[in-house]
Each structure stands twice: as C-alpha cells, then as structure tokens.
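Peer 1: Under the working numbering, residues 7 to 438 are what the sequence shown spells out, in order.
Think of the CB as a built atom: it goes at the ideal place given N, C-alpha and C, for glycine as much as any other residue.
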Amino acid sequence: MPGTVVVGAQWGDEGKGKITDLLAEKADVVARFQGGNNAGHTIVRDGEEFKLHLIPSGILYEAKTCVIGNGVVIDPHILFGELEALRARGISGDNLRISGNAHLIMPYHLLLDGASEQQLGMYKIGTTGRGIGPCYIDKYARVGIRVQDLLDAKILKRKIKTALQEKNFLLQRYDIGVLDADQVTEELLGYRERFEPFICDTSLLINSALDQGQHVLFEGAQGALLDIDFGTYPFVTSSNPIAGAACSGTGVGPTRVDHVIGVAKAYTTRVGEGPFPTELFDETGTAMLEVGQEFGTTTGRQRRCGWLDLVALKYAVRLNGITHLALTKLDVLSGLPTLKVAVSYRAGRRQLDEFPLRQTDFHHAKPMYEELPGWTQDLRACETWQDLPQEARDYVQFVAEFTRTRVKFIAVGPGREETIVLPRSIGLGGAF
Ligand code: IMP
7 MPGTVVVGAQ WGDEGKGKIT DLLAEKADVV ARFQGGNNAG HTIVRDGEEF KLHLIPSGIL
67 YEAKTCVIGN GVVIDPHILF GELEALRARG ISGDNLRISG NAHLIMPYHL LLDGASEQQL
127 GMYKIGTTGR GIGPCYIDKY ARVGIRVQDL LDAKILKRKI KTALQEKNFL LQRYDIGVLD
187 ADQVTEELLG YRERFEPFIC DTSLLINSAL DQGQHVLFEG AQGALLDIDF GTYPFVTSSN
247 PIAGAACSGT GVGPTRVDHV IGVAKAYTTR VGEGPFPTEL FDETGTAMLE VGQEFGTTTG
307 RQRRCGWLDL VALKYAVRLN GITHLALTKL DVLSGLPTLK VAVSYRAGRR QLDEFPLRQT
367 DFHHAKPMYE ELPGWTQDLR ACETWQDLPQ EARDYVQFVA EFTRTRVKFI AVGPGREETI
427 VLPRSIGLGG AF
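Structure follows, in structure tokens:
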C-alpha cells in the first residue's frame, strides 16, 4: 500500500477514524491533508475510547510519524489541548510533524463563523462553528496566518495587523467589537515554543518516506458530499475532502497514490443543513439514530439518518477514484425486516441515474428504491465473510456491484477488532 488515501464517501462521520486506525498499523507515516477540528474521529482501542479532532488517528502508534499537512487549518488551542490529553493517557505525541505552510485558525475566524451563520438566519449552513470557513477564506484571499509565521514575530505582527483592519470592520458591523492586534499577536506567540519542535517541511518528509518504500496513509476528513466543488453546495465544508486533495494538501504528486479507500456507512447520515433525499423521519430513522448512536463527535448534534444512497455513493466512487470500499456499521441494520437502497432519483418527470449536476434537481430528488431482505442476527460476533448471514452478504454484494467497486472492509461494531477484513475483496475481483 505505499501511498493509500482514506476518504469519506458520504457526508462525513462514516467511521474513517476506525478504518484509518486499522490501516495505520501497516503504515509508516499517517498524514492529514485538509479540514481542521470540524472533524471528529472516535477510535476504540482495547475498550478505551479516543476522540480526536485535529491530530491524525495514527498518533496512537508512537512508532509512526504523524503529519498535519499544509492543507489543514489548525486551531492552536485545540492542537495543544489534544496533545495534552494524549500525554495524560501516556501517549507522548512526539511523533507529530506539522507543515509550516498550514494555516492557523485565529480568534477572529471563530467569531466570524458564528456571526455569519447568525446573519444567514434560515439559510445558515449549520457549520461546526470552529472557524473553518473564515480561515480558508483568508488563505485564498492571501491574508491568512501560517504556522511558519510564528517563527518571525515581526512579520507575524504585521500580518495580523493587516488582517485585522478588515476583520475589525466586519466584527463591528456584527456588533461584536474589535480585537487588538498586539494582544492577538501576543496570545499566538505564546504557542511558538510549543509549535517549534513539530514544524517541518512535511512534503519533503512524505516524499522521502515514499522514496524509501515506506507506507504513507493519507487521512481525509469529512466526505465527498461536503466537498467545496462537488458536494451539495452551499451546504458543504470549505475544503476538498476528496482524494485528489491528498496531493495538494501534503505536497505529493498524483503518481504517488496507489489506492483510494472510500469509507461509507451501510446507511446514510448527515449533520447540519442541506438536502438529503433518503432521509427518514419515521421509526426506522429513529432506530438508526439510537442503535448507531448517531451523535456528532465534534458538536454532539444529532445526526440525520436515512437509507443508503447508492446514486450518491457511485458519485463519490467516481470523484475519488475509489479502489476499495470500507462499509461500516453494518450491524446497525440488524433487525430491520427490509432494507432499501436508492438506485436512482426522480426529479419531476425525469429519472436521474447519476448524481444531478443542478443543485435544484438534488433538492427535489425523490429516491427510487431497490428493496433487499434484512436479517435478524446480531453481526457483532461475525469475524469472517462466511459468518455473516446470507442477507447481509447479499446487501454488501449489491453495494459493490452497483458502485462497480470492491468491498475490502466490513465493520460490525465500534471496536477495532470488530472489522471483517476480506482476504479477497467482494465485487469486481482483484485483491488488495
Ligand atoms: P464547517 O466545516 O464547520 O464549515 O461546516 C460546514 C458543513 O460541514 C456543516 O454542515 C457541518 O455539519 C459539516 N461538517 C463539517 N465537518 C464535518 C464532519 O467531520 N462530519 C460531518 N459533517 C461535517
């Protein structure tokens, strides 16, 4: 697996943390390439639960190098909070490396995220409120503050002063008041010493590792349908969570990626606002919520639940070039007599077999379902493909065939060991 990308193939929260943790065992380097602490990864290892938002999931293996790539946005307070929490549990975090080109989430980004959501009112995006959007806005407006700016106090102060000219104007308009450039600079410089040992040229580090034949795992956050270009815009995040961004977000070329693993739940969930054709408002949706414990790791918000949308999943396979799927939370579907999967949409009189180009079509899309028989058996004890009931195998097979990809992993419980790793992938042949 020299260069392997792990991405979310839905609206985030697919269980990427668990799959990454599993794959990280065989990796030498684990690198995050986009997003920030809007993400939330829960990893259960030997019954112990770890919740990470910013630090790559691989941090739990002290022998691996963990990278926060240039495409990530970093809230220093969260970063060092997570490191301290890990240290308190005996994990040093010394194996972390941070790109000098990564952007920093500043106090004004947090304020502006909240204020802009309030301003949007009923049209709000339902962001995580972590300042992600405003930070990426500044990156592209070329007024962002980067990790390497911490190494030059004079330049840092000038940059913050420049950025605050416009921010303070906005903050006043939002009735929040103004921020003092000196104070913001001082507070940020307070992190400099703690940052210093971690800062490095992470592109060089990753490329050198690949040159030496080491295995690099690129860890995505969020999911394809939250992609700024291809997701359900404007109800998306402000970065590209698709596999292509693993290259620009870490500084490697596309020729270095060998496999793309897409993680998808056996059903669908979404947090925040925006269209969701297969959303359920009945007792089946409630059962998914309760059995699947569908509450956000980052904001604690209840997730919206619905049937598996194969039109959207097929789209995610295309956007990411997914070579293998990891299907998670299959156990949550146990006990449902019939399972539905969306195989096309209807928009007015038209049948749509592909994810629609036009946002309006997606907003009005009615899912056309294929029904598959359910199973009653608890799957959590299943360790192999053969242990799964026939109906569960048929369900997985259907997903693989419909999306024209291969299923390599099937998760049947939250624990790391509750994952079936298929020796030969199910679907379009070919081993991993
Ligand atoms: P932001 O990324 O905080 O700007 O939020 C934009 C949208 O992406 C909102 O609908 C969030 O709920 C959603 N979002 C951001 N990060 C995640 C995630 O890790 N999982 C699921 N949804 C997310």
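1. Can you name the start and end residues of the beta strand (DSSP E) that H330 belongs to?
2. Going by beta-carbon coordinates alone, are R324 and F204 separated by less than 8 angstroms?
3. Identify, in the order they occur along the chain, each residue of the same chain with its Cβ nearer than 8 angstroms to the Cβ of R410, setting aside the five sequence neighbours on each side.
4. Mind pulling the alpha helix (DSSP H) runs of 4 or more residues that sit fully within the stretch 360-420?
5. Kindly indicate which three-state DSSP category G436 falls into: helix, strand or coil?
6. My output table needs one value for Q308: the three-state DSSP class, helix, strand or coil.
7. Give me the Cα-Cα distance between K167 and I161, rounded to the nearest whole angstrom.
8. Got a sec, what are the start and stop residues for the beta strand (DSSP E) I131 sits in?
9. Determine the closest residue to L333 out of E389, K271, R309, T390, with distance taken between C-alpha atoms.
10. Which residues in the same chain as Y239 place their Cβ atom closer than 7 angstroms to its Cβ, once the five residues preceding and following it in sequence are excluded?
11. By Cβ distance, which residues of its chain are closer than 8 angstroms to A108, with the 5 residues on each side in sequence left out?
12. One question on the structure: do F224 and F39 come within less than 8 angstroms of each other, judged by their Cβ atoms?
13. Under a Cβ-count criterion, where at least 16 other Cβ atoms within 10 Å of its own Cβ denotes burial, should R430 be classed as buried or exposed?
14. For K22, which three-state DSSP category applies?
15. Measure the beta-carbon distance from E300 to F241 and round it to whole angstroms, keeping in mind my assumption that it falls under 8 angstroms.
16. Tell me whether the beta-carbon of S340 lies closer than 8 angstroms to the beta-carbon of T382.
17. Which whole-angstrom value describes the C-beta separation of L336 and A398, a residue pair presumed to lie in contact below a C-beta threshold of 8 angstroms?
18. Among L28, L185, V35, which residue has its Cα nearest to the Cα of L256?
19. Work out the CA separation of R198 and L428 for me, nearest whole Å.
20. Within 7 angstroms: the Cβ of T292 and any heavy atom of the ligand IMP?
21. Heavy atom of the ligand HEM less than 7 angstroms from the Cβ of Q125, yes or no?
22. For G64, which three-state DSSP category applies?
23. Under 8 angstroms, with one C-beta from each stretch per pair, do the stretch 13-31 and the stretch 247-265 reach the 3-pair mark?
24. Among the residues of its own chain, which have a CB less than 7 angstroms from the CB of A5, if the five just before and after it don't count?
25. Give me the Cα-Cα distance between V258 and P420, rounded to the nearest whole angstrom.
26. Per DSSP, what are the beta-bridge partners of A353 in this structure?
27. Is F453 near the ligand IMP, judged by its Cβ being under 7 angstroms from some heavy atom?
28. In or out: K70 buried (at least 16 other Cβ within 10 Å) or exposed?
29. What's the gap between the Cα of G132 and the Cα of G120?
Peer 2: Inspection of the coordinates gives the following:
1. 330-334
2. no
3. K320, V323, G433, L434
4. 365-370, 396-409
5. No answer about G436 holds up, because its pLDDT of 48 lies below 50 and its placement is not dependable.
6. strand
7. 10 angstroms
8. From DSSP, I131 is part of no beta strand (DSSP E); its letter is neither H nor E.
9. K271
10. Q365
11. I74, G75, N76, G77, V78, V79, I80, R152, V153
12. yes
13. exposed
14. helix
15. That belief does not hold up - the Cβ atoms of E300 and F241 are roughly 18 angstroms apart, past 8 angstroms.
16. yes
17. 6 angstroms
18. A quick correction: the sequence has Thr, not Leu, at residue 256. Measuring from the Cα of T256, the nearest candidate turns out to be V35.
19. 46 angstroms
20. no
21. The model depicted lacks the ligand HEM and carries the ligand IMP instead.
22. helix
23. yes
24. It is not possible to answer for residue 5, since the shown part of the chain is limited to 7 through 438.
25. 32 angstroms
26. R356
27. A question about residue 453 goes unanswered here, because the residues of the chain that appear run from 7 up to 438.
28. buried
29. 10 angstroms
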